Amino acid sequence: MELTKESAYQAIAEFFTEKPFVLFGTGTSCALDLNFGMPALERHLRAELTSSMTDAQAQQWQQVVSALDGCSHDFESAMDFIKDETLTTRIVELTASFVAYHDNVHAHQIISGLRDWPAGTLLKKLVETLPQADKQLHVATPNYDLLAEYAFVRHKIPYITGFYGGFLQRYDWSEAKKIVQSIHKGFGKPRQPPRIIECKHIRLHKPHGSLNTFEWEAHLIECNSWILNKPEGVVRAMITPGTAKYQRLHKDRAQLAEYDNAVGNHTSFSIFRFWL
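So for the sequence shown, the working numbering puts the first residue at 6; every next one is plus one.
Listed below in C-alpha cells is the structure:
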C-alpha cells in the first residue's frame, strides 16, 4: 500500500486508539526559532546578569557560570545553584521578556497561516478522531510560549487551559470546561430535558506556567494583555529552569492537581519531538 499523508494519519489514529496523554517540549518551538531553546536562554541570561546583584547573588550566579563553563552540568541542573528568591524573580522576568519577544514575532504569522507550528496538523487530526464518549485530548508542555495556542486558533481546534472569564481569567477547570459546552433544547413528546453537548477539544496543561499566567491578589490568573507589559506588583506564575523549581511548585499544588490527575488517569503517553 502506498504511504500517503492520509494513510499516515489513519495509521497514527489507529495507533492512538487508547487516546494517549500527549506531551511536547521545546523542540516544537525550536523547529520555528532556535531562540526558544535553552542555549539561547543561557546566552541571554549570561549577557544580562552582569551587575546589580548582592554578593550572595553574584556568588550563586558565578556557580552557575562555572558549572557550565566546566561542562560539569547542563543548563537546567546548573540553575539549581540559584537559591536567592530575589535573584530567582529577576531570572523569571528576564526569561519571560526574552521568550515573550520571540513569541510576539511568530504569533500573527502562525495565526494567519504564514508559518506552521509543527504539531498543529497532527493534533487537529487526533482531536477529530476522538470518540464521542470522551471528547477531550489531554496535552501538556513545559514551554512558556504560546505557539501551540496560536496553532490551535489557526486550525480551529477548541481548547481550554483551566482559566475562564474576561480580561482577567480565573483558574478553575470546572468553569473552564463550560467554554466547550453548549445546551441543546430537548425535542419530542413528551419533550426531553435540555442536554449539555461537549465539543471535541484539547485540555492544555502548562505545569511550569506560561507567558500569560500571573499571581494577582492571591489568585492565579491568565491575562494575554500583560504578556509584554506586566504591571508593577504583579508576579509572573512561571517556573525557572532547574530541578529546584519544584520547591516553588509545591507551594501551591492547586494548579498542578488537574495535571497530576490527568497523568494518573492515562496508561499511554505520546511525546512529540521535532528537529530542524
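The beta-carbon is built from N, C-alpha and C at its ideal position, and this holds for glycine as well.
Every value quoted in this text rests on a predicted model; they were computed, and no experiment measured them.
>> Let me check understanding here. Comparing Cα to Cα, which of L225, V185, S117, P195 lies closest to I201?
In response: V185
Return helix, strand or coil for H255, following the three-state DSSP convention. Interpretation of H255 is limited by its pLDDT of 44, a score under 50 that renders its predicted location unreliable; no figure is taken from the coordinates.
Checklist entry - Do you know how far the Cα of H224 is from the Cα of Y169? => result Rounded to whole angstroms, Y169 and H224 show a C-alpha spacing of 13 Å.
- Item | Residue span of the beta strand (DSSP E) that contains N217, given as start and end | 214 to 221
### Query
Curious, which full-length alpha helix (DSSP H) runs of at least 4 residues does the segment 52 to 120 contain?
Runs found: 60 to 74, 80 to 83, 90 to 116.
key: Span separating the alpha-carbon of D215 from that of L127   = For clarity, residue 215 is Ser in the given sequence; the question names Asp instead. Whole-angstrom Cα-Cα distance: 23 Å.
Q.
Mapping the DSSP letters down to three states, classify I165 as helix, strand or coil.
A. strand
I need the boundaries of the alpha helix (DSSP H) containing F157, first residue and last residue. 152 to 159 is the span of the alpha helix (DSSP H), which, as asked, contains F157.
* Per-residue DSSP class, three states only, for S230 -> It is helical.
Subject >> Simplified DSSP assignment, three categories, for G170 >> reply: strand
* Asked: L54 to G167, Cα distance in whole Å?
  -> 34 Å
Worksheet item: Based on the DSSP secondary-structure assignment, which residues constitute the bridge partners of H210?
Response: A145
Next on the checklist: Checking 8 Å against the spacing of the C-beta atoms, do I226 and Q174 come in under that value?
Outcome noted: yes
field: Between the CA atoms of H111 and H160 - distance to the nearest angstrom
entry: 16 Å
ask   = Which stretch, first to last residue, makes up the alpha helix (DSSP H) that contains L128?
value = 125 to 133
#### Entry: Limits of the alpha helix (DSSP H) - the one that A181 falls within
178 to 181 is the extent of the alpha helix (DSSP H) around A181.
**OP:** Keeping to the same chain, check which residues put their C-beta closer than 8 Å to that of E47; ignore five residues upstream and five downstream.
**Re:** L73, F80, listed in sequence order.
On the DSSP bridge list, what partners appear for H189? R200
For K183, which residues in the same chain have their Cβ closer than 8 Å to its Cβ, ignoring the five residues on either side in sequence? Y169
Would you mind working out which of M43, K205, E222, F41 sits nearest K24, comparing C-alpha positions?
K205
Tell me whether the segment 76 to 90 and the segment 118 to 133 touch, counting them as touching only if at least three CB pairs, one residue from each stretch, are closer than 8 Å.
no
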